[in-house]
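S.K.: The sequence shown: position 78 = 79 (this note's numbering), numbered continuously.
I'd like to ask some things about the structure below.
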Amino acid sequence: MTAASDLPVEAVFSAVSTAALLGWLLLILGPRRAWVPWAVGGGIVGSLCLVYAVLALAFLFTVPGGGLGTLAQVMRRFTVPEVALAGWVHYLAFDLAVGLWIAKRADAEGVARWLQAPVLGVTFMFGPLGLLMGAAVLAVQR
């Protein structure tokens, strides 16, 4: 992986997306066994974080004119496929980590799985909105 063109971005995209989907299916439909949080958190989220770290360190700071100071600079960064892929992996990792937190808290507080499922589904698709819904459900449960 010496140049941007050496990375099979579509293959990595497919692999990380499939892994994240497996994590969401485990959270939403799977049993709440002791191995599930470990598999989702330590296995899938941890792997996504590692992939993100490699992508970010290798490509994020190599985009000419890219930066964080203006929206135009951020947008310029995301025109590079490897940087867009890093952003996608960032979303996948964080949203799944938030979903795992919601599921663990909801289980600990006795929230029914049928009520957790839509919250986790919204978290999967719309991260921060799902976090807000999860916090509301937990507050009502208390």
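Where is the CB? At the ideal position from N, CA and C, for every residue including glycine.
1) By DSSP, does Ala4 sit in helix, in strand, or in coil?
2) Should the segment 85–102 be regarded as contacting the segment 15–25, the criterion being three or more beta carbon pairs within less than 8 Å?
3) Can you find the residues in the same chain that come closer than 7 Å, C-beta to C-beta, to Val64, ignoring five residues on each side of it along the sequence?
4) Return the CA-CA distance between Ala4 and Gly67, expressed in angstroms with no decimal places.
5) Among the residues of its own chain, which have a CB less than 8 Å from the CB of Val75, if the five just before and after it don't count?
6) Here's the rule I'm using: 16 or more other beta-carbon atoms within 10 Å means buried, otherwise exposed. How should Leu30 be labelled?
7) Just to confirm before moving on: does the CB-CB distance between Val99 and Leu132 stay below 8 Å?
8) Rounded to a whole number of angstroms, what is the C-alpha to C-alpha distance between Ala118 and Glu110?
9) In three-state DSSP terms, what is Thr1?
10) What's the gap between the Cα of Ala54 and the Cα of Phe60?
M.R.: In short, the structure shows the following:
1) Position 3 of the sequence shown, counted from the first residue, corresponds to residue 4. Confidence at Ala4 is low in this model, with a pLDDT of 45, below 50, so its placement is unreliable and the value that follows should be read with caution. If DSSP states are grouped into helix, strand and coil, Ala4 belongs with coil.
2) Counting Cβ pairs under 8 Å, three or more are found: they touch.
3) To locate residue 64, count along the sequence shown from 1; it is residue 63. Only Arg77, Arg78, Val81, Val84 meet the Cβ criterion.
4) Locating residue 4 in the sequence shown gives position 3, counting from the first residue. Locating residue 67 in the sequence shown gives position 66, counting from the first residue. Summary for Ala4: the model assigns pLDDT 45, below 50, so the residue's position carries little reliability; its value from the coordinates is reported in the next sentence. Each residue's CA atom was taken as its position, placing Ala4 and Gly67 some 18 Å apart.
5) Sequence index remark: in the sequence shown, residue 75 carries index 74 (1-based). Gly67, Gly68, Leu69, listed in sequence order.
6) Translated into the one-based positions of the sequence shown, residue 30 becomes position 29. Classification of Leu30: exposed, given that the 10 Å Cβ count is below 16.
7) Taking the first residue of the sequence shown as position 1, residue 99 is located at position 98. Taking the first residue of the sequence shown as position 1, residue 132 is located at position 131. A contact, by the Cβ cut-off of 8 Å.
8) Stepping through the sequence shown from its first residue, residue 118 is reached at position 117. Stepping through the sequence shown from its first residue, residue 110 is reached at position 109. Taking the straight line from one Cα to the other gives about 15 Å.
9) Residue numbering for the chain in the displayed model covers 2 to 143; residue 1 lies beyond these limits and cannot be assessed.
10) Position 53 of the sequence shown, counted from the first residue, corresponds to residue 54. Position 59 of the sequence shown, counted from the first residue, corresponds to residue 60. Cα-Cα distance, rounded: 10 Å.
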